[in-house]
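Contents: one structure, followed by commentary.
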Amino acid sequence: MLTAGRAVSKAGLDAVALKPAECDVRRALDIPLDIVAIDYEGRHRIPDADVLEALAAEKEVRLTTPVRVDGFDPLGDDSLYEWIPEGVQQVLVAGHPAYLTDEEKGRPVAPRLRVAREQAPDAWVGTEGIERIALAAGGTQYELLSRSTRRDVRALRAAGYDGEVALYAPTALTDDDDEILDAVGAYISRRRPVARALPDGSPTDSSADGRAREVLLKAARDYALIGSVADVRERIDDLRDIGVDVVVGYPARGVDEFAE
Numbered sequence: 001m002l003t004a005g006r007a008v009s010k011a012g013l014d015a016v017a018l019k020p021a022e023c024d025v026r027r028a029l030d031i032p033l034d035i036v037a038i039d040y041e042g043r044h045r046i047p048d049a050d051v052l053e054a055l056a057a058e059k060e061v062r063l064t065t066p067v068r069v070d071g072f073d074p075l076g077d078d079s080l081y082e083w084i085p086e087g088v089q090q091v092l093v094a095g096h097p098a099y100l101t102d103e104e105k106g107r108p109v110a111p112r113l114r115v116a117r118e119q120a121p122d123a124w125v126g127t128e129g130i131e132r133i134a135l136a137a138g139g140t141q142y143e144l145l146s147r148s149t150r151r152d153v154r155a156l157r158a159a160g161y162d163g164e165v166a167l168y169a170p171t172a173l174t175d176d177d178d179e180i181l182d183a184v185g186a187y188i189s190r191r192r193p194v195a196r197a198l199p200d201g202s203p204t205d206s207s208a209d210g211r212a213r214e215v216l217l218k219a220a221r222d223y224a225l226i227g228s229v230a231d232v233r234e235r236i237d238d239l240r241d242i243g244v245d246v247v248v249g250y251p252a253r254g255v256d257e258f259a260e
């Protein structure tokens, strides 16, 4: 039987995405993947500099930095840029509204992203909600897995885009429907096409039944990497064939599933 760490390696993932609100990001040292992407969940959730330094000594570390947020605003308060330890790279994003003040939400993204890219030319650029702006900014395009990913990446490559494409996907190495829904149901339900298709007020975890369960399980295969290790490996191999360079898995069932 495969250990968790060996299973993740055999599944073909290149990187792990960790959320500081859910785990100690130092757990990345227990995961046999060379790249760790750390999500932004508010300024008070940013890991301490010494933690990032310890990770960067062993891994490629990419810290999400929302360009509209005070401290990471290259056209305003940019005080946190000097705090980022040497060796820690960035993922430039517009920023999730849940973690922005009303003033920050009103700041234009495009000019800030342009300046931030000039300052950090090796940064990845998160594309959610700003796909055209992100493409214009250049750099590695950091996409969310969706039902249109195959079409979108094929179109990028056909149009001559030869830069890197990185892909983020919640990942659950199980083919048990209940475990899948408990792991990714809530995430899946927030994607707009799924939210529109779900019956009002329906549960999104393993207690979902009927139409809701059917919608969620079908959508889980569009928006997440789920199934046996072999199933996930086959899916990742297919994504590489169409032009995805880096696959980043978020451990939807907890970091222990990825750790050695």
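Numbering-wise (the working numbering), the sequence shown opens with residue 1 and increments by one.
Ideal Cβ placement from N, Cα and C applies to all residues, glycine included.
Because the structure is a prediction, the values reported are computed rather than measured.
Environment of residue i [buried if 16+ CB atoms lie within 10 Å]
i, result
"R107", "buried"
"Q141", "buried"
"D39", "buried"
"L2", "exposed"
"P199", "exposed"
"T101", "exposed"
"E143", "buried"
"S228", "exposed"
"S189", "buried"
"R213", "buried"
"A262", "Outside the shown range of the chain (1 to 260) lies residue 262, about which nothing can therefore be said."
"R27", "buried"
"A159", "exposed"
Test item: CB-CB of residue i and residue j under 8 Å
i, j, result
"L55", "L92", "no"
"L52", "P85", "yes"
"V247", "I236", "yes"
"K10", "I35", "no"
"F258", "I31", "yes"
"A116", "V61", "no"
"Y250", "T171", "yes"
"L113", "I133", "yes"
"V153", "I242", "yes"
"G5", "E260", "yes"
"L173", "A7", "yes"
"D245", "V165", "yes"
"G138", "A94", "no"
"S206", "D182", "yes"
"A120", "Q90", "yes"
"G261", "R233", "Residue 261 cannot be examined here, being either before or after the span of the chain that is shown, 1 to 260."
Contact belief for residue i with residue j at Cβ below 8 Å, rounded distance in angstroms
i, j, result
"E118", "D70", "Contact doesn't hold; Cβ gap of about 20 Å is too wide."
"V255", "A224", "Contact flag wrong, Cβ pair sits at about 16 Å."
"A230", "T204", "Not quite, the Cβ-Cβ distance comes to about 27 Å (not below 8 Å), so this is no contact."
"A21", "E41", "5 Å"
"T149", "L167", "7 Å"
"A123", "W83", "Contact doesn't hold; Cβ gap of about 16 Å is too wide."
Minimum length 3: unbroken beta strand (DSSP E) runs contained in the stretch 100–144:
Unbroken beta strand (DSSP E) stretches of 3 residues or longer found wholly inside the stretch 100–144: 124–126 and 140–144, given in chain order.
Inside the stretch 148–185 only - alpha helix (DSSP H) runs reaching at least 4 residues:
Taking only runs of at least 4 residues, the alpha helix (DSSP H) segments lying wholly in the stretch 148–185 are 149–158.
Counting only runs that start and end within the stretch 30–103, where is the alpha helix (DSSP H) found for 4 or more residues in a row?
As far as the stretch 30–103 is concerned, its whole alpha helix (DSSP H) runs of at least 4 residues are 49–56.
Flag this pair as touching only if the stretch 209–222 and the stretch 181–195 have three or more C-beta atom pairs under 8 Å; answer yes or no.
Cβ pair count under 8 Å is three or more, so yes.
Going residue by residue through the stretch 180–219, where are the continuous alpha helix (DSSP H) segments of at least 4 residues, counting only ones entirely within it?
With a minimum length of 4 residues, the continuous alpha helix (DSSP H) runs that stay inside the stretch 180–219 are 192–197.
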